[in-house]
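Going down the list, the protein sequences come from chains A and B.
Letter 301 of the first sequence, counting from 1, is numbered 282 in the numbering used here, and no numbers are missing.
Counting the second sequence from 1 gives a position; the numbering used here is that position plus 2.
Ideal Cβ positions, reconstructed from N, Cα and C, are used throughout, including at glycine.
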Amino acid sequence: MNKRILIIGAGVTGCSIAYNLAKKGVKNITVIDKSFLTSGATGRCGAGVRQQWQTKANCIMAKHSIEFFEHAKETLGYDGDIEFKQEGYLILACTKEEDEQFAKNVVLQNSLGIPTKKLTPDEALKIVPHLNKNSFISATYCQTDGHLNPFKMTDAYYQAAKRLGAVFHFFEEVKSIRHENNQYTVLTTKGSYDADILINAAGGYSREIGLMVGLDIPVYAEKHEILVTEPIAKMQSPMVMSFAKNLYCQQVPHGSFLMGRTTPKQPKGHDIDSTHEFLDEMAKTIDDILPKIGELRVIRQWAGSYNMSPDKQPIICESPELKDFYMACGFSGHGFMFAPMTGLLISEMILNEPLTLETEMLHINRFKHQTTHEVEKSVV
Amino acid sequence: MSKKDIIICRCEDINLEELHHLMEQGFTSIEDLKRQLRIGMGPCQGATCLPIVQRELAIFLKKPLEEIPLPTVRPLTLGVPLKAIAKGAKNE
């Protein structure tokens, strides 16, 4: 392919798209980012990768992506350690509704080849002995879920894409886009680029990039906060998660615990300041569910943007209104763990190859033609 | 003295050789180095390593020190146990 391809955003999504296209022999690939590698949502995320979802689309995206992570170091020829560990996600059901819904989720996940099991509290306590037994009524567990270092994973994609000829420009912000005679002209803070194909992988800023070409993409940025404790000897294998009690908490290979929760009624926008309200609520939640972890010292807190879509599932497609404008956005907090499939699907769409997955449910048209949506509820 | 024996970051046990190796690969901002080495993210919050890394980058890039930006200062200043925070929050 001789077409010039420009990718906006050097998070894990943009880097995975660049790598997948370059691997298929595409020569003219440029990636632009307003800041440094993984400066946006990727580098701020909770570093978990899981397949336990409520919607089929999310389950399939996640399962294929986990299969890629299992061999990512060799596939990408990366020298460093991507810190992939598959010690599971333990998802707690804390209400009767959750208990019933999770039973259905397990059936769906098993039907797609995801090896999730439903556990009694005693079975869950065997996996995480320091859980407060009174804080939940049942749990689901999938051994092949786990953890991956977002900086290293993205670096692995970045290094591989560069070796295959992709060119990256950092600290360069897109200011406006012109579309004339089937060509996109992208003006940045440092210069101007002409491209035949444009890919919006701008994470929290996907909506703004859409507006620059006159597209109203139904996504928005929402702040999510997170913190990290001092590192200690290994004491917890899986990620512990609860949707009803609003928590995810995992000990990463480095030894520290990463934990986060959603702040209710968070206004839309790009604010990513840390708050003491989050710290208070996080501490109370840990005290309830994982009291022993409460003895650890918090050393740092930060925040990042989820790019929210109306049904909390990604938008991965070519724009129906604008030819050669592709979007990979609206991941609603899960772009990191889906990145391998996102990159593969976008590269297949651009090169008109048979698609690895049915992508109708990821197309933006779902918001136009349907009045009701299957909404992903397994989200913190 | 070998560069391997010169410790840059005591929280994460990073030495000067590792730092120079990444700078030579093109990681020439503190933000980039932080994400590769975990410098500045440990219990001391960069009190030791950041001024040293800033100086090393200034030498490497042949720029004045003030042109090497430092990363965002993040809470907390000192480590505090989650239980103490929870207790305080419940008593408010």
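In the three-state reduction of the DSSP assignment, residue 231/A falls in the strand class, which pools E and B. For residue 165/A, the enclosing beta strand (DSSP E) covers residues 164 to 169. Within chain B, the residues placing a beta-carbon under 9 Å from that of residue 282/A are 76, 77, 78, ordered along the chain.
Per DSSP, residue 84/A is one residue of the alpha helix (DSSP H) stretching across 77 to 92. The beta-carbon distance between residue 155/A and residue 169/A, rounded to whole angstroms, is 5 Å. This is short enough to meet the 8 Å contact definition.
Just so you know, the alpha carbons of residue 137/A and residue 45/A end up roughly 18 Å apart. The region 288 to 295 of chain A and the region 186 to 203 of chain A touch, with no fewer than 3 CB-CB distances between them shorter than 8 Å.
Burial of residue 43/A is indicated by the presence of at least 16 other C-beta atoms within 10 angstroms of its C-beta. Contact note: residue 207/A does not reach chain B at a C-beta cutoff of 9 Å; the least C-beta distance is about 11 Å. Per the C-alpha coordinates, the member of 37/B, 20/B, 50/B positioned closest to residue 13/B is 50/B. Contact check between the region 179 to 195 of chain A and the region 79 to 89 of chain A: fewer than three CB pairs, one atom from each, fall below 8 Å, which does not count as touching.
When Cβ-Cβ separations below 7 Å define contact, residue 261/A makes contact with chain B.
Along the region 13 to 37 of chain B, going in chain order, the ones with a CB nearer than 8 Å to a CB of chain A are 31, 33, 34, 37. One finds 261, 264, 265, 267, 268, 275 in chain A with Cβ atoms closer than 8 Å to the Cβ of residue 88/B, taken in chain order. Under the criterion of beta carbons closer than 8 Å, residue 71/B and residue 32/B qualify as touching, at roughly 7 Å.
The C-beta distance from residue 194/A to residue 158/A rounds to 5 Å, short enough to meet the 8 Å contact threshold.
Interface with chain A (7 Å Cβ-Cβ cutoff): residue 60/B is excluded. Using a 10 angstroms sphere on the CB of residue 107/A, the tally of other CB atoms stays under 16, which defines it as exposed.
Under a criterion of Cβ atoms nearer than 7 Å, the residues of chain B adjacent to residue 19/A are, in order, 37. Of the other Cβ atoms in all chains shown, fewer than 16 fall within 10 Å of the Cβ of residue 57/B; this residue is therefore exposed.
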